[in-house]
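Have a look at the structure below before the remarks.
Protein chains: 2
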Amino acid sequence: MIRIGIAGYGNIGRGVESAVTNAPDMELVAVFTRRDPASVCTVTGAPVMAYDQIGSMKDELDVVVICGGSATDLPWMTPELAAQFNVIDSFDNHANIPEHFANVDAAAKAAGKVGIISCGWDPGYFSLARVFADAALPDGDNYTFWGRGVSQGHSDAIRRIEGVADARQYTVPIPAAVDAVRAGEHPVFTARDMHLRECYVVAEEGADKAAIEEAIKTMPNYFEPYDTTVEFISQEELNEKHSGLPHGGSVLRSGTTGFNAEFNNTVEFTLDLDSNPFFTGSILAAAARAAFRMNSEGQCGAKTLLDVPPVYLSHQSREELIAHLL
Amino acid sequence: MIRIGIAGYGNIGRGVESAVTNAPDMELVAVFTRRDPASVCTVTGAPVMAYDQIGSMKDELDVVVICGGSATDLPWMTPELAAQFNVIDSFDNHANIPEHFANVDAAAKAAGKVGIISCGWDPGYFSLARVFADAALPDGDNYTFWGRGVSQGHSDAIRRIEGVADARQYTVPIPAAVDAVRAGEHPVFTARDMHLRECYVVAEEGADKAAIEEAIKTMPNYFEPYDTTVEFISQEELNEKHSGLPHGGSVLRSGTTGFNAEFNNTVEFTLDLDSNPFFTGSILAAAARAAFRMNSEGQCGAKTLLDVPPVYLSHQSREELIAHLL
Chain U
17 MIRIGIAGYG NIGRGVESAV TNAPDMELVA VFTRRDPASV CTVTGAPVMA YDQIGSMKDE
77 LDVVVICGGS ATDLPWMTPE LAAQFNVIDS FDNHANIPEH FANVDAAAKA AGKVGIISCG
137 WDPGYFSLAR VFADAALPDG DNYTFWGRGV SQGHSDAIRR IEGVADARQY TVPIPAAVDA
197 VRAGEHPVFT ARDMHLRECY VVAEEGADKA AIEEAIKTMP NYFEPYDTTV EFISQEELNE
257 KHSGLPHGGS VLRSGTTGFN AEFNNTVEFT LDLDSNPFFT GSILAAAARA AFRMNSEGQC
317 GAKTLLDVPP VYLSHQSREE LIAHLL
Chain F
17 MIRIGIAGYG NIGRGVESAV TNAPDMELVA VFTRRDPASV CTVTGAPVMA YDQIGSMKDE
77 LDVVVICGGS ATDLPWMTPE LAAQFNVIDS FDNHANIPEH FANVDAAAKA AGKVGIISCG
137 WDPGYFSLAR VFADAALPDG DNYTFWGRGV SQGHSDAIRR IEGVADARQY TVPIPAAVDA
197 VRAGEHPVFT ARDMHLRECY VVAEEGADKA AIEEAIKTMP NYFEPYDTTV EFISQEELNE
257 KHSGLPHGGS VLRSGTTGFN AEFNNTVEFT LDLDSNPFFT GSILAAAARA AFRMNSEGQC
317 GAKTLLDVPP VYLSHQSREE LIAHLL
């Protein structure tokens, strides 16, 4: 059994807890939190320990799955823990990945450990789809559509507006854009061409709804570059209809083969997820298995899913995969 | 530059020739044929040599891409060539893959070479999609739909019927079946539920068309288990409308996450290809790059795409992939 620790216990931490508990070859040893451990109760009853105590578990854990935020937690947590453990994270700040990779690489190499970063579905499985499609169709264009799904970052941005009690934002791909890519048209898109932003907002009593709507639609980066719809609803309706965290999307590559680029081809990878954090947790658990195997055969340093032989992600043996899934 | 040889020069051989010629990091040294080399003319003007001469090119080739048939060529060619070269093949006889793998493994290990077998899109990219989906959703069901596309094996089977001058067979997925999987229904399908077989047949003059249609529709394994349509057309119409080799299909996995399997998820990988052999050739060329890199770092033996770190397939460097596609 591969012995797993989880550092950080929010939605993704619970997703990892679920995936590890369901896996035949892994056991969850403990959850580590920076909150008061007595205040945290795990779904499966797995022990909760203080994050500061994790060093004392060095001999009890094969891999630590780090479930913190990319903005302020992972940049220091992943290198810190990679100095003691094989680690996995879901760092998703694309622009800062090279820097994060270098920091984790230095710590993991010094410790002889493996650290696989950015293991979610984007970055993660969508990255794999982009690389496989690019390798087969080097002459082509990549397109990534996200949604229909809840963007927690955009929902948070709305909640910070004065007069907003609660909010949920869906990122929605525009069907005509997806169809144009599938048809091999190689369109050049603006952000507005590819996605809509659909907002459900609960206003505080007496709040100026017109001002809230204006504040949302003109918010730079988050909403201004998109066509955005705002609908005010009650807290009850928000809770009833918008409490889930579904997500998904598609990676498409449209490219040519042939001596004169005479053949068109489309490669498409699509996810449709009832729960974004639980699917992310599943990938993190599979990556933990891979990290354990790669470290067991002597590898160390920072890795991404692009470095992982796919067999290592599966609980099935190489022979089973060759016989049944190849 | 990675120096490539192609053994066998049919449709897939030309696909590899095209992909290698378009790649920035590979050069095509020679094509090897069992026909009279003087009778074979390559599209790019690459030299043609007798297959028997390939041993004399041991120091001139980094990887040999073997483009023979799975039924009678690859079972002996791939082990024979793996004893001298890093090799790639597209062996697609699923039931015999474990035996073929073992034969190539023994030869390649003895020679210190890498042999990556079954590198097409199924087996190949579809296998990767199945393994990634299975690793993320261990609790679920896989479905593979092929088409709409030309099955050369089924077209050949029709051409062997008395009175048939020419034929083309399309494998067609049944939309309702695909939709049921996407909807998370976990259906149990018969072969007939998933695919139709659409046949375009040119009859010889005076042939008994009713007998031909009956012979097709009752042919065991090939057509009997399916709903099959037969349309008789002229050779001119066949040449005009059905001369291409398009193909494609979808791998779907529908599975659950959550402590009580409460979340449904669908993972889908779809290919839409104007030319089956040229896309296959592209994957074979990418696999040749990977074989060269894996052997350069000291690996040997038989491999499949499931063993290949995805970065090795790309002409881009690991740093470029991390910065741009991760």
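As given, the protein sequences belong to chains U and F, one line each in that order.
Residue numbering for the first sequence follows this note's numbering, beginning at 17 and increasing consecutively.
Residue numbering for the second sequence follows this note's numbering, beginning at 17 and increasing consecutively.
Every residue gets a Cβ at the ideal spot worked out from N, C-alpha and C, and that includes glycine.
query                                                                                                                                                                       : result
Output the distance between the C-alpha atoms of A126/U and A99/U, rounded to the nearest integer angstrom.                                                                 : 7 Å
Between which residues of its own chain and G260/F is the CB-CB distance below 8 Å, once the five residues before and five after are set aside?                             : V166, D290, S291
Are E220/U and G179/U close, meaning C-beta to C-beta below 8 Å?                                                                                                            : yes
For P154/F and P40/U, what's the separation of their Cα atoms in angstroms?                                                                                                 : 10 Å
Is H340/U buried or exposed, if buried means 16 or more other CB atoms sit within 10 Å of its CB?                                                                           : exposed
Assign K319/U to one of two classes, buried (16 or more other C-beta atoms within 10 Å of its C-beta) or exposed (fewer than that).                                         : buried
Give the single residue among A118/U, G264/U, F279/U whose Cα lies nearest to the Cα of E284/F.                                                                             : G264/U
What residues from chain F crowd round D323/U, counting only those whose CB sits closer than 7 Å?                                                                           : P325, V327
For a contact defined as C-beta to C-beta under 7 Å, what are the partners of L144/F on chain U?                                                                            : F148, P326
At which residues does the beta strand (DSSP E) containing R213/U begin and terminate?                                                                                      : 211–219
What is the rounded straight-line gap between the Cα of E313/F and the Cα of A307/F?                                                                                        : 10 Å
Grouping DSSP H, G and I as helix and E and B as strand, with all else coil, what is V194/U?                                                                                : helix
Would you report the Cα separation of G26/F and N280/F, rounded to the nearest angstrom?                                                                                    : 44 Å
If contact means a Cβ-Cβ distance below 7 Å, which residues of the stretch 283–314 of chain F contact chain U?                                                              : V283, E284, F285, T286, L287, D288, L289, D290, S291, F294, F295, S298, I299, A302
Using DSSP with H/G/I as helix, E/B as strand and the rest coil, what is K74/F?                                                                                             : coil
Drop a sphere of 10 angstroms on the beta-carbon of K225/F, count the other beta-carbons inside from all chains shown, and report buried for 16 or more, exposed for fewer. : exposed
Please classify N292/F: does DSSP put it in a helix, a strand, or coil?                                                                                                     : helix
With distances taken Cα to Cα, identify the nearest neighbour of V32/F among C215/F, K129/F, G297/F.                                                                        : G297/F
Using a Cβ-Cβ cut-off of 8 Å, state whether L90/F counts as contacting chain U.                                                                                             : no
Mind pulling the beta strand (DSSP E) runs of 3 or more residues that sit fully within the stretch 142–186 of chain F?                                                      : 156–162
Can you pull the chain F neighbours of N38/U, defined as C-beta to C-beta under 8 Å?                                                                                        : P154, D155
Measure from the C-beta of I113/U to each C-beta in chain F and report whether the shortest distance is under 8 Å.                                                          : yes
For N202/F, which residues from the same chain have a beta carbon less than 7 Å from its beta carbon, with the 5 sequence-adjacent residues on both sides left out?         : Going by the sequence as given, residue 202/F is His instead of Asn. D157, S270.
Output, in sequence order along the chain, the residues in the stretch 220–247 of chain F whose CB is closer than 7 Å to any CB in chain U.                                 : none
What did DSSP end up calling N6/F once you bin it into helix, strand or coil?                                                                                               : Outside the shown range of chain F, which is 17 to 342, sits residue 6/F, and nothing can be said about it.
Does any residue of chain U bring its CB to less than 8 Å from the CB of L342/F?                                                                                            : yes
Can you give the beta carbon distance from G128/U to I82/U, rounded, assuming they're within the 8 Å contact cut?                                                           : Actually they do not touch by this definition, with Cβ atoms about 18 Å apart.
According to DSSP, W92/U sits in a beta bridge with which residue or residues?                                                                                              : The partner list for W92/U (beta bridge, DSSP) is empty, contrary to what the question assumes.
Measuring CB to CB, does I104/U end up less than 8 Å from C135/U?                                                                                                           : yes
Can you give me the Cβ contacts of G317/F inside the same chain, cut-off strictly under 6 Å, excluding the 5 residues immediately before and after it?                      : D121, A124, K125
Going along the chain, which residues of its own chain have a beta-carbon closer than 7 Å to the beta-carbon of H258/F, five neighbours each way excluded?                  : R184, Y216
Is G31/U helix, strand or coil when you go by DSSP?                                                                                                                         : helix
Short check: CB of V47/F to CB of V64/F, under 8 Å?                                                                                                                         : yes
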